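**Student:** Quick note on numbering: the sequence shown equals residues 930 to 1123 in this note's numbering. Please find one structure pasted underneath; my questions will follow.
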Amino acid sequence: MPAALQVIFLCITLTAAAGEELVKTPADYEGPFYPVTRQEDIDNDLVHVKGRTGVAKGDFLNLSGVVVNTRGEAQKNLIIEIWQTDPQGRYKHPGDSTPGERDPNFQYWGAATTGTDGTFFFRTVVPGAYNPRPAHIHYKVLQGGKVILTSQIYFMEPNGRSRRPSMTPQIELQTIDLIPTSTGEFEAFFRIVL
């Protein structure tokens, strides 16, 4: 985990240690494009597809996160599933009629397991927006095969404005910064509170 993200994680831990209860991450709708067919490659690296030599098109995003309870205690052995569009705003789903070829080197859907410290990691691309939705990543948290949270991640613009038309307290809890790195990629950190 990059040093800047370690500092954020430490702040979360200290806030919870100070006795302040953390606010639960709000649920958000699943949307119509949750994967309907199993794919062979279901891991946390969405920019490489098993059996292919190419890499996904777009701006790479290293998405780190942590799952904690309202007391800030790490939640281990949870499955985090994400699904998203490619940079052109297209899902790999039979119900998505957006024109254009899907990227054969992009996985579109992946899963990671939280470690003993509650952390998880995905390597993906910055998703594209589509009318009327801003760029976002859908996710589910599963415990023992049961979905315990379905929500979405939204992104701030570089100028500090939300890509969402209205910034409600709920949306604010779901919105993160894309941090440019020296390699031309982006990194972001997301906290999920159960």
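Here a beta-carbon is modelled for each residue, glycine too, at the ideal position from N, C-alpha and C. Small disclaimer: the values here were computed from a predicted structure and weren't measured.
1. For E1101, which of helix, strand or coil comes out of DSSP?
2. Excluding the 5 residues flanking N1006 on each side, which residues of the same chain have their C-beta closer than 7 Å to its C-beta?
3. Does DSSP put S1080 in a helix, a strand or coil?
4. Which word fits D903, buried or exposed, when buried means at least 16 other C-beta atoms lie within 10 angstroms of its C-beta?
5. Output yes or no for whether 7 Å exceeds the beta carbon distance between I1121 and V996.
6. Please report the distance separating the alpha-carbon of E961 from that of G1024.
7. What whole-angstrom Cβ distance do A893 and F1035 have, given they're in contact under 8 Å?
8. Contact between the region 1060-1079 and the region 964-980: three or more CB pairs below 8 Å?
9. Buried or exposed, going by whether 16 or more other CB atoms sit within 10 Å of the CB of S1111?
10. Does the beta-carbon of Q968 have 16 or more other beta-carbons within 10 angstroms, so that it is buried, or is it exposed?
11. G1047 to Q1004, Cα distance in whole Å?
**Tutor:** Reading from the atomic positions:
1. The answer is helix: DSSP assigns E1101 an H, G or I state.
2. Taken in chain order, the residues that qualify are T1042 and T1043.
3. strand
4. For the chain, the structure presents residues 930 to 1123; residue 903 sits outside this window and is missing.
5. Going by C-beta atoms, I1121 is nearer than 7 Å to V996.
6. The residue asked about is misnamed: residue 961 is Pro in this sequence, not Glu. In this structure, the CA atom of P961 is about 8 Å from the CA atom of G1024.
7. Residue 893 falls outside the range modelled here, since the chain spans only 930 to 1123, and no answer is possible.
8. no
9. exposed
10. exposed
11. 5 Å
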